[in-house]
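Heads up: the structure comes next, in structure tokens.
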Amino acid sequence: MNPEKLQHAISRLLTGQRLAVLSTCGNKGPYASLIAFHHSSDLRCIYFATPRATRKYANLLHDPRAAFLIDSRTNRREDFQQADAVTVIGRAEEFAEQEKQAAAASYLARHPSLEDFLAEPTTAFFAVRTEQFIFVSSFQEVFEFRVVNKPDTLP
């Protein structure tokens, strides 16, 4: 699959799903959790919110590396041949309060029911700068796409 087609397939999958499995690693080892997410249109960032009193938050403070699994499964037998999945690998960075406005607005446009949750002072809002996408289609077709991000500023 050429890079342009691959980017389109990844974008279509991310746009079509509202939830992802987030994987983190901390002092107690690996941990996975279901989160609501949104992505930047250029695929350079994945946004999500979490209470600060969670294992995933503590894990990200310990080790900012993160991975998401986003897929199109429907829990039917056909998924083995028809579902697409993407693993998104990157580094998480919590937004400072004054920096999160534009990203939070796009996140809330996708998840309006989370407005009160995001406004809570105990909620952290993260951007994961994507580094790599691993896209799996038709059960065994695997394609990789790397992203070059600027390390100095959050979008």
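Heads up, the sequence shown is in numbering that gives the first Met the number 0, so the first residue is 0 and it goes up one at a time.
Note that beta-carbon positions come from the ideal geometry of N, C-alpha and C, so glycine has one too.
Backbone CA spacing between residue i and residue j [nearest angstrom]
{"i": "Pro43", "j": "Phe144", "result": "Going by the sequence as given, residue 43 is Arg instead of Pro. Cα to Cα, the separation comes out at about 12 Å."}
{"i": "Phe36", "j": "Phe47", "result": "5 Å"}
{"i": "Ala101", "j": "Met0", "result": "33 Å"}
{"i": "Phe132", "j": "Pro29", "result": "20 Å"}
{"i": "Arg54", "j": "Ala65", "result": "13 Å"}
{"i": "Thr86", "j": "Leu117", "result": "25 Å"}
{"i": "Glu92", "j": "Ile9", "result": "22 Å"}
{"i": "Leu107", "j": "Glu3", "result": "28 Å"}
{"i": "Val141", "j": "Ile45", "result": "21 Å"}
{"i": "Glu119", "j": "Ser71", "result": "31 Å"}
{"i": "Val146", "j": "Arg11", "result": "17 Å"}
{"i": "Leu33", "j": "Thr49", "result": "10 Å"}
{"i": "Phe79", "j": "Phe124", "result": "34 Å"}
{"i": "Gly89", "j": "Leu5", "result": "18 Å"}
{"i": "Val94", "j": "Ala126", "result": "According to the sequence shown, residue 94 is Phe rather than Val. The straight-line gap from Cα to Cα measures roughly 7 Å."}
{"i": "Gln81", "j": "Gln97", "result": "43 Å"}
Per-residue burial, residue i [other beta carbons within 10 Å of its own, 16 or more giving buried]
{"i": "Phe67", "result": "buried"}
{"i": "Lys166", "result": "One cannot answer for residue 166 here, as it falls past the ends of the chain, which runs 0 to 154."}
{"i": "His110", "result": "buried"}
{"i": "Asp115", "result": "exposed"}
{"i": "Thr129", "result": "buried"}
{"i": "Phe134", "result": "buried"}
{"i": "Ser136", "result": "buried"}
Residue i: first and last residue of the uninterrupted beta strand (DSSP E) it sits in
{"i": "Arg90", "result": "84-93"}
{"i": "Phe125", "result": "122-136"}
{"i": "Arg145", "result": "140-145"}
{"i": "Arg54", "result": "Arg54 -> not in any beta strand (DSSP E); alpha helix (DSSP H) instead, spanning 54-61."}
{"i": "Leu68", "result": "64-70"}
Other residues of its chain near residue i: CB distance less than 6 Å, five sequence neighbours each side excluded
{"i": "Gln16", "result": "Ile69"}
{"i": "Ser112", "result": "none"}
Sequence-distant residues of the same chain with beta carbon closer than 8 Å to residue i, five excluded per side
{"i": "Ala52", "result": "Thr121"}
{"i": "Asp62", "result": "Thr23, Cys24, Gly25"}
Contact set for residue i: own chain, Cβ-Cβ below 7 Å, skip 5 residues either direction
{"i": "Asn58", "result": "Thr23, Cys24, Gly25, Tyr30"}
{"i": "Ser105", "result": "His37"}
{"i": "Ala103", "result": "Leu117, Phe124"}
N-terminal and C-terminal residue of the alpha helix (DSSP H) that residue i is part of
{"i": "Ala101", "result": "100-109"}
{"i": "Ser113", "result": "Strictly speaking, residue 113 in this sequence is Leu, with Ser absent from that position. Looking at the DSSP string, Leu113 is not in any alpha helix (DSSP H), and its letter there is neither H nor E."}
Tell me the start and end of each unbroken beta strand (DSSP E) in the stretch 8-50 that is at least 3 residues and wholly inside, in chain order. 18-25, 28-35, 44-50
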